[in-house]
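Here is the structure we will look at, set down as structure tokens.
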Amino acid sequence: MDVTFSGATTANILAERQRGTPPQIDALDGSEALVTITIGGNDVGYIPLLMAAALPGRRGCCPTSARCWTAMPASRRSVRSATRCARSGGGAPARPGARVLFVDYLTMLPPAGRSAAPLSPADADLGRHVAARLEDLTAAAAEASGCELVRAGLASRDHHAWSSDPWTVGAAWPLPWRPAPFHPNAAGCAPSRKWSRHR
Numbered sequence: 040m041d042v043t044f045s046g047a048t049t050a051n052i053l054a055e056r057q058r059g060t061p062p063q064i065d066a067l068d069g070s071e072a073l074v075t076i077t078i079g080g081n082d083v084g085y086i087p088l089l090m091a092a093a094l095p096g097r098r099g100c101c102p103t104s105a106r107c108w109t110a111m112p113a114s115r116r117s118v119r120s121a122t123r124c125a126r127s128g129g130g131a132p133a134r135p136g137a138r139v140l141f142v143d144y145l146t147m148l149p150p151a152g153r154s155a156a157p158l159s160p161a162d163a164d165l166g167r168h169v170a171a172r173l174e175d176l177t178a179a180a181a182e183a184s185g186c187e188l189v190r191a192g193l194a195s196r197d198h199h200a201w202s203s204d205p206w207t208v209g210a211a212w213p214l215p216w217r218p219a220p221f222h223p224n225a226a227g228c229a230p231s232r233k234w235s236r237h238r
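This is the structure we're talking about:
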């Protein structure tokens, strides 16, 4: 069962409804053999940062940058809480012995020194730094909670949104017939599922 939701925060996993949809943890019914968690980016404003930076005519520092730094410690605590809840709480605990995997975010931005237009070099550097910190926090949360880790970011370095074979959608206007900007496309969803199943 896939209960992922664009724009979800850790609170939407644990307790808060999102656009009328129950908390994601409520989907657990005790029959699960595998639970995957990708979370944190919306808690710290990572995706809003990139979307704001891509707006035409924008000048100066991205307004969400301060939020990224102030929210990082809280994000780590929240992600750990999500793991504990998936293991033993929520609407129904996951099946005893179920594998709980953290899957970090696919790489969205090109390497330093490469153009990520319309993002400015400074905003792209900030985005890369936030992405690296999210990878570190996800790895730390997985280790602290005894969960497995799928390093989707590392595996997708050559498939950033500006590459010839992107696994995510880059800066673009949101359109109803395609994935949202700075989210996985179909090519990016397939390997993430494969990595999770075959670990």
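Mapped onto the working numbering, the consecutive letters of the sequence shown carry residue numbers 40 to 238. All C-beta atoms, glycine included, are put in the ideal place defined by N, C-alpha and C.
Would you call the CB atoms of threonine 146 and histidine 222 closer than 9 angstroms? Not a contact, by the Cβ cut-off of 9 angstroms.
Specify the secondary structure class of glutamate 71 as computed by DSSP and reduced to three states. Coil, per DSSP.
Under the three-state reduction of DSSP, which class applies to proline 223: helix, strand or coil? In this structure, proline 223 counts as strand in the three-state DSSP scheme.
Just checking, does the stretch 143 to 162 make contact with the stretch 191 to 206 on the three C-beta pairs under 8 angstroms criterion? Flag = yes, the stretch 143 to 162 and the stretch 191 to 206 touch.
Taking all protein chains shown into account, decide if proline 62 is buried (16 or more other Cβ within 10 angstroms of its Cβ) or exposed. With 16 or more other Cβ atoms within 10 Å, it is buried.
Considering only the beta carbon of each residue, do valine 74 and threonine 60 sit closer than 9 angstroms? Cβ atoms of valine 74 and threonine 60: not closer than 9 angstroms.
Would you call proline 215 buried or exposed, if buried means 16 or more other Cβ atoms sit within 10 Å of its Cβ? Answer is exposed; the Cβ neighbour count stays below 16.
Could you tell me whether the Cβ of cysteine 228 comes closer than 9 angstroms to any Cβ of chain B? Looking at the structure shown, chain B is missing, and only one protein chain is on hand.
Should alanine 271 go down as buried or exposed, given a rule of 16 or more other Cβ atoms within 10 Å for buried? The question about residue 271 has no answer, for the chain in this structure spans 40 to 238.
Report back the beta-carbon spacing between proline 205 and alanine 211 to the nearest angstrom; my notes put them in contact at under 8 angstroms. About 11 angstroms separates the two Cβ atoms, so there is no contact after all.
Just mark alanine 226 as buried or exposed, buried being the case when its beta carbon has 16 or more other beta carbons within 10 Å. Label assigned to alanine 226: exposed.
Proximal residues to threonine 177 (C-beta, below 6 angstroms), its chain only, five neighbours per side dropped: By the criterion of a C-beta distance shorter than 6 angstroms, threonine 177 is surrounded in its chain by Phe141 and Asp143, once the five residues flanking it on both sides are discounted.
Give me, in chain order, the residues of the same chain whose beta-carbon lies closer than 6 angstroms to that of tyrosine 85; leave out the 5 immediate sequence neighbours on both sides. Excluding sequence neighbours, tyrosine 85 sits near Val169.
Which of helix, strand or coil DSSP assigns to leucine 94: Leucine 94: coil per DSSP, three-state reduction.
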